[in-house]
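**Q** Residue numbers (this note's numbering): 117 to 330. We put the CB at the ideal spot given by N, CA and C, even for glycine. Quantities reported herein were computed from a predicted structural model and do not represent experimental measurements. Take a look at this one; I'll ask things after.
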Amino acid sequence: TGSTRAERLLKAVQKNARRGDPQSVISAIDHYCRHSEWAMNVGDEKGSILDSVLSEVSPSCALELGTYCGYSTVRIARLLPPGATFVTVEFNPKYAKVARQVIEFAGLQDKVKLIEGASGDLIPKMKELFGNVTFDFVFLDHWKDRYVLDTKLLEDCGLLRKGSVLLADNVICPGTPEYLAYVRNNPRYKSTYYKSHLEYTKVEDGLEKSVFMG
Ligand SMILES: O=C(NCCCCc1cc2ccncc2s1)c1cc(-c2ccc(F)cc2)cc(O)c1O
Ligand SMILES: [Mg+2]
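This is the structure:
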């Protein structure tokens, strides 16, 4: 059978990037998705905003919901301080298989714990899996209609602390209206919108940064 979009993206990394060089993996994916075949990576424009928020937070414990092919996983892992804990959650086993290979090609496999399953099932298991953790940084990039539910779940499972930073992708396109309403009208969050564009297009999209006030 033919390859999937994710597998063709992996081939482009293996062909055009340099082993152990995360920046070359990022550039190879951006070039492929801009010039050959669009894919739902956060992309270079929103990726630069992700980079700057990460550099501000410098998290020692980070969570990503929605790994896909591992593009944002590589962007995040390459900027984490040594010894940081970074967990990324993927629901689709085919995406997870590709992501593991992309992360390994970048040489970042020792910094990333990729777990497969649904966010709603795995979030309540985080303390059991990784010790009594709280996340300093959470990147939301999974099912858009799960952002609010999973944010509430993170709160209820004691996985956020005063100052935890949530960064949500796609708050305009495909859009997460309930999530924006939740974090913007909630005294427990200080929210900032970073206007940008949908990856590799001129369509408006943006990232919402929300600091949990405890
Ligand atoms: O759906 C998107 N992303 C989620 C994929 C769902 C994968 C999941 C991971 C996981 C982990 C744990 N539990 C449950 C889940 S479900 C997505 C879609 C677009 C887009 C934009 C315009 C279009 F015309 C068409 C697509 C752009 C983006 O940047 C996206 O992130
Ligand atoms: Mg996204």
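Determine which residues share a DSSP beta bridge with T201 and list them.
**A** DSSP lists C177 as partners of T201.
**Q** So does V264 have its beta carbon nearer than 7 Å to some heavy atom of ligand 2?
**A** Checking the Cβ of V264 against ligand 2 gives no.
**Q** Please report how far the alpha carbon of V158 lies from the alpha carbon of L275, in whole angstroms.
**A** If I take the Cα positions, the gap works out to 24 Å.
**Q** Just mark K131 as buried or exposed, buried being the case when its beta carbon has 16 or more other beta carbons within 10 Å.
**A** With fewer than 16 other Cβ atoms within 10 Å, it is exposed.
**Q** Run the Cβ filter for me: residues under 6 Å from any heavy atom of ligand 2, listed in the order they occur in the chain.
**A** Output, sorted by chain position: M156, V158, D257, D285, N286.
**Q** So, L207 versus A178, is the Cβ gap smaller than 8 Å?
**A** One point to set straight first is that residue 207 is Phe, not Leu, in the sequence displayed. Cβ atoms of F207 and A178: not closer than 8 Å.
**Q** Candidates L195, L196, P209: which alpha carbon is nearest T183's?
**A** Nearest C-alpha to T183: P209.
**Q** Hey, out of I145, D285, R300, whose CA is closest to V214's CA?
**A** Minimum Cα distance to V214 is reached at I145.
**Q** Could you say which of L166, V319, D266 lies nearest to T189 if we only look at CA atoms?
**A** Nearest of L166, V319, D266 to T189, Cα basis: L166.
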